[in-house]
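What follows is one structure encoded as structure tokens, with my remarks underneath.
In our numbering, the protein residues as written are 1 to 307.
Rendered as structure tokens:
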């Protein structure tokens, strides 16, 4: 009986050897490091601990993931998978510090959206495997660990080597080429950071209408949420509503007349909306021509109606 149990244990250990040894450490205990570590812990993966320049941050992250606050040396030695979750500008410095250690067989990740794995210079010489892993997700706090439906980008060589981790962690991903990382990150900035900027513009305009900030949020959020739901259900092009896709020339004229510092933003976004409207083929050529002239500034408020 004991021999049978031993054989089963040996067999299981052999089959999942690539999965079994997955001690995970984090360098950086900010929003991304805490949230992603918490998510991995929820998936049943072993977190050994955190190193951070802020000792209190290390303790917070360790408590969140039921792991340990570690010094740099301890973390490198105890971890098979190391995630660098610091600001982008600190990654190369962290890596240069790591180069002093034995990294053979270790898997090293940074979670920058813009940088590629090329920041890990000399990775092959250290017999380590290095990657960039980035979630298309906005981390508002250190407990944002609802990542089950999040899509990650992965870049680096020998991605098949980390398949056991990706499967165990239930990570949905696509592979991206190194040269496309900046363009990819710009896309993420537009739909994450700049959607907040657009909300701020709306807030400033609504305050001029007499609303307070709380009322602005109450008014803006359902509108943005319904638009996002339309994108999910119908696709981006079909989700567009409003005066441009309807061909309401006079409404667009009034908008531009009432704008000052945001006029150029409105015009540039309006040109993109007009391209979507053209693809839907519900506007006449004459309406498209007039809207295009208005949005590109080829006429002013007084003579637009005479086009």
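The beta carbon of each residue, even a glycine, is placed where N, CA and C say it ideally should be. Quantities reported herein were computed from a predicted structural model and do not represent experimental measurements.
query                                                                                                                                                                                   : result
For residue 267, report the span of its alpha helix (DSSP H) as first-last.                                                                                                             : 263-280
Starting from residue 26, follow its DSSP beta bridges and name the residues at the other end.                                                                                          : 50 and 83
Could you spell out where the alpha helix (DSSP H) holding residue 74 opens and where it closes?                                                                                        : 72-78
If you measure between the beta carbons of residue 116 and residue 132, is that distance less than 8 Å?                                                                                 : yes
From the DSSP output, in three-state form, read off residue 290 for me.                                                                                                                 : helix
Using the three-state DSSP reduction, which class does residue 91 fall into: helix, strand or coil?                                                                                     : helix
I'd like to know whether the C-beta atoms of residue 276 and residue 245 end up nearer to each other than 8 Å.                                                                          : yes
For the stretch 170-183 against the stretch 149-161, do three or more pairs of beta-carbon atoms, one drawn from each stretch, fall closer than 8 Å, so that the two count as touching? : yes
Expressed to the nearest angstrom, what Euclidean distance is found between the alpha-carbon atoms of residue 191 and residue 228?                                                      : 11 Å
Can you tell me whether residue 216 is buried or exposed? The criterion is at least 16 other CB atoms within 10 Å of its CB, across all chains shown.                                   : buried
Go through its chain and collect everything with a Cβ distance to residue 30's Cβ below 6 Å, but skip five positions before and after it.                                               : none
What does the Cβ neighbour count give for residue 69, buried or exposed, with the cut at 16 atoms within 10 Å?                                                                          : buried
Taking DSSP as the reference, what is the three-state secondary structure of residue 249?                                                                                               : helix
By Cβ distance below 8 Å, which residues in the same chain neighbour residue 15 in space, the five residues on each side in sequence not counted?                                       : Low confidence applies to residue 15: its pLDDT is 37, below 50, so where it sits in the model is not reliable, and the reading given next is rough at best. Correct list: empty, nothing qualifies.
Thinking C-beta only, is residue 121 closer than 8 Å to residue 28?                                                                                                                     : no
On the premise that residue 188 lies in contact with residue 113, defined as a C-beta separation below 8 Å, what is that separation, rounded to the nearest angstrom?                   : 6 Å
With distance defined between alpha-carbon atoms, name the residue in 262, 247, 73 and 296 nearest to residue 283.                                                                      : 247
For residue 78 and residue 64, what's the separation of their Cα atoms in angstroms?                                                                                                    : 19 Å
Checking the sheet assignment: what are the DSSP bridge partners for residue 175?                                                                                                       : 154
Who pairs with residue 109 in a beta bridge, going by DSSP?                                                                                                                             : 83 and 131
Roughly how many angstroms lie between the CA atoms of residue 152 and residue 25, to the nearest whole one?                                                                            : 19 Å
Quick one: residues in its chain with C-beta nearer than 7 Å to the C-beta of residue 148, no 5 flanking neighbours on either side, listed in chain order?                              : 170
Can you give the beta carbon distance from residue 91 to residue 108, rounded, assuming they're within the 8 Å contact cut?                                                             : About 10 Å; that fails the 8 Å criterion.
Sort 140, 54, 274 and 106 by Cα distance to residue 126 and report the nearest one.                                                                                                     : 106
Compute the beta-carbon to beta-carbon distance between residue 43 and residue 168, rounded to the nearest angstrom, for a pair I have assumed lies under 8 Å.                          : 7 Å
Using the beta-carbon count (16 or more within 10 Å), is residue 140 buried or exposed?                                                                                                 : exposed
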